[in-house]
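Numbering (the working numbering), first residue to last: 267 to 596.
See the structure below:
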């Protein structure tokens, strides 16, 4: 049975900021937002895939594309990796249109190497452009959204963080942090009409050119690449395949928040961080021993029954339920 037709999702009268919008994923997000009526701040420092250099050309080129299509956009070339730059990105939207409704925090670059070989020059800029930038642009954007009682925030995570990718400890750390940040924003923002989610996009982009294939030295990781089934991915690991889910998550139609979603080869799915039922130590205030943990480690590791706490405190409720189920507490 076919589902009823859904009215076109529009962003008319909405103001959107897309960071890292000069190329790849961000460019596609900005173009589609504009096609659907949004006014867009196209932010891009214009650096390379490894974060070197700067140029106004990338952002201005996308703005020109949007205007040629009849859309509305302005360029911003500030670095999101500084507090002043992040504030300027948001101020660009406020100066042009007086509000901010959507933030897609997408800017980033890659510098990969073995975990034990990563230098401060490979760690600090990656953390700055992924984690700190999410604060530097996110905080002023959040304040503007709160003032209007509405907002949609989308942070770009990565499967490299949630599932693992050799030689990307720095990148995965920055991307993994997006989950914790977004979850807290979703909780605090729920009082002010602000929603927040994380997307794990998959696309072959210019960042792929920065990947040193030395990670093939890790046997298990190399095997996972060599035995992977890519039969459903031909022609589907391009930026455009990520755009529909990204834009839905920042649309007024979407009521989902506090979520983590994967976009890979045309498969769109929610990714869960959950806790198994686990093993509950015997009643009382005496902690179990290491040997107790060893004895029950299989039970601790099971995920047959699991809970998905949406706050720290909901985990306590899940623990009490497990204790009752296992007969430890009435």
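Note that CB positions come from ideal geometry on N, CA and C, so glycine has one too.
This one's a predicted model, so the numbers in the text were calculated from it and none came from an experiment.
Self-check item: the segment 539 to 551 / the segment 561 to 579 touching (three or more Cβ pairs under 8 Å)
Solution: yes
Quiz item: Helix, strand or coil: which one does DSSP assign to residue 351?
Solution: Working through the chain shown from its first residue, we reach residue 351 at position 85. Here residue 351 sits in helix by DSSP.
Quiz item: In or out: residue 586 buried (at least 16 other Cβ within 10 Å) or exposed?
Solution: Position 320 of the chain shown, counted from the first residue, corresponds to residue 586. Exposed is the call here.
Quiz prompt | Run of the beta strand (DSSP E) containing residue 448, from where it starts to where it stops | solution = Residue 448 sits at position 182 when you count from the first residue of the chain shown. From DSSP, residue 448 is part of no beta strand (DSSP E) but of the alpha helix (DSSP H) over 435 to 455.
Quiz item: Quick one: what does DSSP say residue 463 is sitting in, helix, strand or coil?
Solution: Taking the first residue of the chain shown as 1, we reach residue 463 at position 197. When DSSP states are grouped into helix, strand and coil, residue 463 belongs to the strand group.
Quiz item: Just how far apart, CA to CA, sit residue 389 and residue 429?
Solution: Taking the chain shown and counting its residues from 1, the one referred to as residue 389 is at position 123. Taking the chain shown and counting its residues from 1, the one referred to as residue 429 is at position 163. Each residue's Cα considered, the two are about 20 Å apart.
Self-check item: the segment 435 to 451 / the segment 477 to 490 touching (three or more Cβ pairs under 8 Å)
Solution: no
Self-check item: Between the CA atoms of residue 372 and residue 541 - distance to the nearest angstrom
Solution: The residue labelled residue 541 in the question sits at position 275 within the chain shown. The residue labelled residue 372 in the question sits at position 106 within the chain shown. Rounded to whole angstroms, residue 541 to residue 372 spans 29 Å at the Cα level.
Quiz item: Exposed or buried, what is residue 293 when buried is set at 16 or more other beta-carbons lying within 10 Å of its beta-carbon?
Solution: On the chain shown, residue 293 is found 27 positions in, with the first residue counted as 1. Buried, by the Cβ-count rule.
Exercise. Specify the secondary structure class of residue 591 as computed by DSSP and reduced to three states.
Key: Within the chain shown, numbered from 1, the residue matching residue 591 stands at position 325. Of the three classes helix, strand and coil, the one that applies to residue 591 here is helix, per DSSP.
Quiz item: Which residues mark the beginning and the end of the beta strand (DSSP E) in which residue 526 is found?
Solution: Residue mapping note: residue 526 aligns to position 260 of the chain shown, counting from 1. Segment 525 to 530, the beta strand (DSSP E) holding residue 526.
Exercise. Over the uninterrupted alpha helix (DSSP H) stretch that includes residue 292, give me the two end residues.
Key: Counting from one through the chain shown, the residue named residue 292 turns up at place 26. Where residue 292 is concerned, the enclosing alpha helix (DSSP H) stretches over 290 to 301.
Quiz prompt | DSSP state of residue 305 mapped onto helix, strand, coil | solution = Within the chain shown, the letter at position 39 stands for residue 305. Assigned with DSSP and collapsed to three states, residue 305 falls in strand.
Practice problem: Following the continuous alpha helix (DSSP H) through residue 514, name the residue where it begins and the one where it ends. | Solution: For the purposes of this step, residue 514 is taken as the residue at position 248 of the chain shown. Counting along the chain, residue 514 sits inside the alpha helix (DSSP H) bounded by residues 509 to 515.
Quiz item: Can you pull the DSSP bridge partners for residue 420?
Solution: Indexing the chain shown from 1 puts residue 420 at position 154. DSSP lists 370 and 463 as partners of residue 420.
Self-check item: Neighbourhood of residue 502 by C-beta distance below 7 Å, restricted to the same chain and skipping five residues each side
Solution: For the purposes of this step, residue 502 is taken as residue 236 along the chain shown, with counting starting at 1. Closer than 7 Å at the Cβ level, and outside the excluded window around residue 502, lie 531 and 532.
Quiz item: Would you call residue 438 buried or exposed, if buried means 16 or more other Cβ atoms sit within 10 Å of its Cβ?
Solution: Taking the first residue of the chain shown as position 1, residue 438 is located at position 172. Buried, by the Cβ-count rule.
Exercise. Note the first and the last residue of the continuous beta strand (DSSP E) segment covering residue 393.
Key: Here residue 393 is taken as the residue at index 127 of the chain shown, counted from 1. Counting along the chain, residue 393 falls outside any beta strand (DSSP E), though it belongs to the alpha helix (DSSP H) covering 386 to 393.
Quiz item: Given a threshold of 16 other Cβ atoms within 10 Å of its Cβ, counted over all protein chains shown, does residue 570 qualify as buried or as exposed?
Solution: Translated into the one-based positions of the chain shown, residue 570 becomes position 304. Looking at its Cβ environment, which holds fewer than 16 other Cβ atoms inside 10 Å, residue 570 is exposed.
Practice problem: Would you give the residue range spanned by the alpha helix (DSSP H) that residue 402 belongs to? | Solution: For the purposes of this step, residue 402 is taken as residue 136 along the chain shown, with counting starting at 1. Element bounds for residue 402: 399 to 414.
Exercise. Report the three-state DSSP secondary structure of residue 534 (helix, strand or coil).
Key: Within the chain shown, residue 534 is the residue found at index 268, counting from 1. Residue 534 falls in the strand class under three-state DSSP.
Quiz prompt | Candidates 507, 310, 590 and 276, of which the one nearest residue 343 by Cα | solution = As a working mapping, residue 343 is identified with position 77 in the chain shown. The residue with the shortest Cα to Cα distance from residue 343 is 310.
Quiz item: The alpha helix (DSSP H) spanning residue 328 covers which residue range?
Solution: As a first step, residue 328 is located in the chain shown; it is residue number 62 there, counting from the start. Residue 328 -> alpha helix (DSSP H) spans 323 to 334.
Quiz item: Does the distance from the CB of residue 306 to the CB of residue 284 come in under 8 Å?
Solution: As a position in the chain shown, residue 306 is number 40, starting the count at 1. As a position in the chain shown, residue 284 is number 18, starting the count at 1. It is a contact, given that the beta carbons lie within the stated cut-off.
Practice problem: Could you name the residues of the same chain whose beta carbon sits closer than 8 Å to that of residue 339, not counting the 5 residues immediately before and after it, in chain order? | Solution: Indexing the chain shown from 1 puts residue 339 at position 73. 296, 300, 305, 306, 307, 308, 328, 329, 332 and 333, listed in sequence order.
Practice problem: Look at the Cβ atom of residue 418, then the Cβ atom of residue 367, and state whether they are nearer than 8 Å. | Solution: Counted from its first residue, the chain shown places residue 418 at position 152. Counted from its first residue, the chain shown places residue 367 at position 101. If you check the CB distance, residue 418 and residue 367 come in under 8 Å.
Quiz item: For the alpha helix (DSSP H) that residue 561 lies in, which residues bound it at each end?
Solution: Residue 561 sits at position 295 when you count from the first residue of the chain shown. 556 to 561 is the span of the alpha helix (DSSP H), which, as asked, contains residue 561.
Quiz item: residue 580: buried (16+ other C-beta within 10 angstroms of its C-beta) or exposed?
Solution: Counted from its first residue, the chain shown places residue 580 at position 314. Counting Cβ neighbours within 10 Å, residue 580 comes out exposed, since fewer than 16 surround it.
Quiz prompt | Cβ pair residue 461, residue 523 closer than 8 Å | solution = For this step, residue 461 is matched to residue 195 along the chain shown. For this step, residue 523 is matched to residue 257 along the chain shown. At a Cβ-Cβ threshold of 8 Å, residue 461 and residue 523 count as neighbours.
Quiz item: For residue 573 versus residue 589, is the C-beta distance shorter than 8 Å?
Solution: As a first step, residue 573 is located in the chain shown; it is residue number 307 there, counting from the start. As a first step, residue 589 is located in the chain shown; it is residue number 323 there, counting from the start. In this structure, residue 589 does not lie closer than 8 Å to residue 573 by Cβ.
Exercise. Could you tell me which residues DSSP puts in a beta bridge with residue 541?
Key: Translated into the one-based positions of the chain shown, residue 541 becomes position 275. DSSP output for residue 541 lists 573 as bridge partner(s).
Quiz prompt | Through-space distance from residue 391 to residue 384, alpha-carbon basis | solution = Position 118 of the chain shown holds residue 384. Position 125 of the chain shown holds residue 391. Whole-angstrom Cα-Cα distance: 12 Å.
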